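Residue numbers (UniProt numbering): 1 to 512.
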């Protein structure tokens with residue numbers, strides 16, 4: 001066993017929201033257990049925060065990465081309270097609840113009662129022009145189609161087509177749901193993305209009936225569990241008044257005592273074998289340890305640690321536990337020497353970009369009555385969606401200005417992300433002209449390219465990741481993988497996973 005006076009040395013690989021959350025909750029775990037702790041956060045980027053990147057420009061608040069999160073997911077609300085920034089939370093404009101879907105070049109309002117692309121109110125659904133009468137009748141067959149008995153995973157798109165028909169899947173569900181992952185619904189895992197759909201089918205023998213039941217339960221669940229400040233209750237999405245960077249800054253302040261290594265890459269890690277000196281127990285302070293690559297014993301003044309973490313600079317950091325929050329393709333390089341990583345290799349990433357444009361309201365010529373629109377693949381546009389940011393989030397723009405955010409790139413259509421800036425801006429402006437009639441010249445345009453940023457969960461993902469973690473537990477105790485590539489891509493999901501990883505690593509190192 002390690003000496004009782006020795007601090008726990010933990011290395012977190014990756015400084016995005018998953019890594020920072022892991023480090024924050026490691027500190028909480030150490031405090032709860034009365035342990036001393038030394039944390040090193042390592043990231044190859046120039047600054048911490050990962051994809052979260054808020055730009056303040058000319059009194060605009062512009063998100064260059066994610067722009068908000070689901071209010072019903074409590075992990076991020078809990079973190080806001082833990083950091084003391086809960087009063088900075090802001091909700092969407094209650095007057096901008098309407099969302100549109102582009103169909104045959106025209107914007108159609110989403111019918112009332114649509115939940116994640118599933119109609120839960122029949123009358124408004126029957127009135128929409130998004131789906132033909134044949135498509136509507138096919139969707140209503142969901143009430144009589146038997147539930148699938150096979151419990152194995154299936155593709156999300158195949159499930160939706162099976163329950164609601166191809167029209168509903170392609171014209172309504174696909175543009176709404178695929179936007180979360182920038183993915184192809186025919187290739188995404190149902191269990192890893194929307195397991196509630198399969199549960200609704202199983203429990204109610206109908207997806208529509210099941211989602212309607214879930215909708216009735218939602219207010220009661222939220223009322224019992226939510227810690228939201230009164231000013232933002234009722235909003236489906238939330239962010240922070242000063243942008244999502246507010247949360248990163250608060251995390252960095254809370255982690256002021258930890259070591260941060262930016263512009264630094266971990267190239268490998270390796271297990272160590274303790275070698276006891278005469279008169280001392282292996283693993284105690286003062287014991288020697290063996291370098292597994294050279295076969296040499298290391299300075300006995302250095303306490304033994306289960307792992308060495310090797311940096312690109314040649315430096316070695318000792319670690320009692322390691323949390324890897326890097327993307328799957330980087331995690332593969334670290335884990336490949338130790339175990340089978342086919343589960344990580346199966347996770348493909350999609351590149352996307354967002355194009356934010358600011359306008360003078362007096363020149364704009366369009367009034368928004370909602371929050372934006374999404375676009376099915378079949379429409380053939382460059383953009384995949386558009387948020388009317390200044391209408392949806394009132395804090396993001398001066399009152400006499402307008403802010404738009406357009407999304408580009410998805411599975412099967414990633415080349416557009418790398419167009420030269422002028423070509424990309426021209427293509428986006430052409431789309432918003434054709435769709436909304438906007439001909440005004442932007443005051444400025446901000447383009448952000450996010451290469452290999454959206455992990456795609458393949459069919460069987462949940463089972464493959466569970467098997468990977470079982471192998472890691474057996475062969476690499478104290479080493480954990482977590483983050484967007486594993487159990488959810490949203491900010492609350494990443495925070496929840498970081499908190500879970502912190503608890504598990506402490507459970508593991510307590511056995512050393």
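In this text, a Cβ means the ideal position worked out from N, Cα and C, and glycines have one as well.
As the structure is a prediction and not an experimental result, all values here were calculated from the model.
Within the model, the alpha-carbon separation for residue 262 versus residue 191 is close to 35 angstroms. A Cβ-Cβ distance of about 7 angstroms is found for the pair residue 208 and residue 120, placing them in contact under the 8 angstroms criterion.
Out of 380, 189 and 474, the CA that lies nearest to the CA of residue 463 is found in 189. Boundaries of the alpha helix (DSSP H) harbouring residue 196: 195-204, taken from the DSSP string. Shown here for residue 29: same chain residues with a beta carbon closer than 7 angstroms to its own, the five before and five after excluded, namely 502, 503 and 506 in chain order. Distance from the CA atom of residue 368 to the CA atom of residue 96, rounded to whole angstroms, is 8 angstroms. Secondary structure of residue 165 (DSSP, three-state): coil. The segment 344-361 and the segment 148-161 do not touch, with fewer than three beta-carbon pairs separated by less than 8 angstroms. Relative to residue 104, the option among 131, 114, 124 and 468 whose CA is nearest is 131. If you look at residue 232, you'll find it isn't in any beta strand (DSSP E); DSSP assigns it neither H nor E.
For residue 160, the CB contacts under 6 angstroms within the same chain, skipping 5 residues up- and downstream, are 169 and 173 in chain order. When Cβ pairs closer than 8 angstroms are counted between the two stretches, the segment 393-413 is seen not to touch the segment 313-333, the count staying below three. In the DSSP secondary-structure assignment, residue 263 is not bridged to any residue. Under the three-state reduction of DSSP output, residue 61 falls in the strand class.
Residue range 106-109 is occupied by the beta strand (DSSP E) that includes residue 106, with no alpha helix (DSSP H) assigned at that position.
8 angstroms or more divides the Cβ of residue 248 from the Cβ of residue 79. Taking the CA atoms as reference points, residue 156 sits about 10 angstroms from residue 457. For residue 353, the enclosing beta strand (DSSP E) begins and ends at 348-360.
The Cβ-Cβ distance between residue 338 and residue 511 does not fall below 8 angstroms. Residue state for residue 103 is assigned as strand, using DSSP reduced to three classes. The beta-carbon distance between residue 238 and residue 24, rounded to whole angstroms, is 19 angstroms. This is too long to meet the 8 angstroms contact definition. Under the DSSP definition of a beta bridge, residue 155 partners with 189. Counting the other Cβ atoms within 10 Å of the Cβ of residue 461 gives 16 or more, which makes it buried. When the five nearest sequence neighbours on each side are left out, the beta carbons in the same chain lying within less than 6 angstroms of the beta carbon of residue 259 are those of 40, in order along the chain.
Scanning its chain for C-beta atoms nearer than 6 angstroms, with the 5 sequence neighbours on each side dropped, one finds around residue 12 the residues 19, 22, 23, 41 and 323, in chain order. With respect to residue 411, residue 43 sits apart: the two C-beta atoms are not nearer than 8 angstroms. Within its own chain, the residues whose Cβ lies closer than 7 angstroms to the Cβ of residue 366, once the five positions on either side in sequence are excluded, are 436, 437 and 438, listed in chain order. Apart from sequence neighbours up to five positions away, the residues of its chain that approach residue 312 with a beta-carbon distance below 6 angstroms are 265 and 267, ordered along the chain.
Membership of residue 308 in the beta strand (DSSP E) is indicated by the continuous run 307-311. A Cβ-Cβ separation of about 15 angstroms leaves residue 70 out of contact with residue 117 under the 8 angstroms criterion.
In terms of Cα proximity to residue 385, the closest of 431, 398 and 358 is 431. The residues 16, 65, 66, 450 and 453, in chain order, have a CB closer than 7 angstroms to that of residue 51 in the same chain once the five nearest residues on each side in sequence are set aside. A residue is called buried once 16 or more other Cβ atoms fall within 10 Å of its Cβ, and residue 334 is buried on that count.
Judged by DSSP secondary structure, residue 480 falls within the beta strand (DSSP E) whose first and last residues are 479-481. For residue 76, the enclosing alpha helix (DSSP H) covers residues 74-83.
Going by C-alpha positions, residue 488 is about 25 angstroms away from residue 241.
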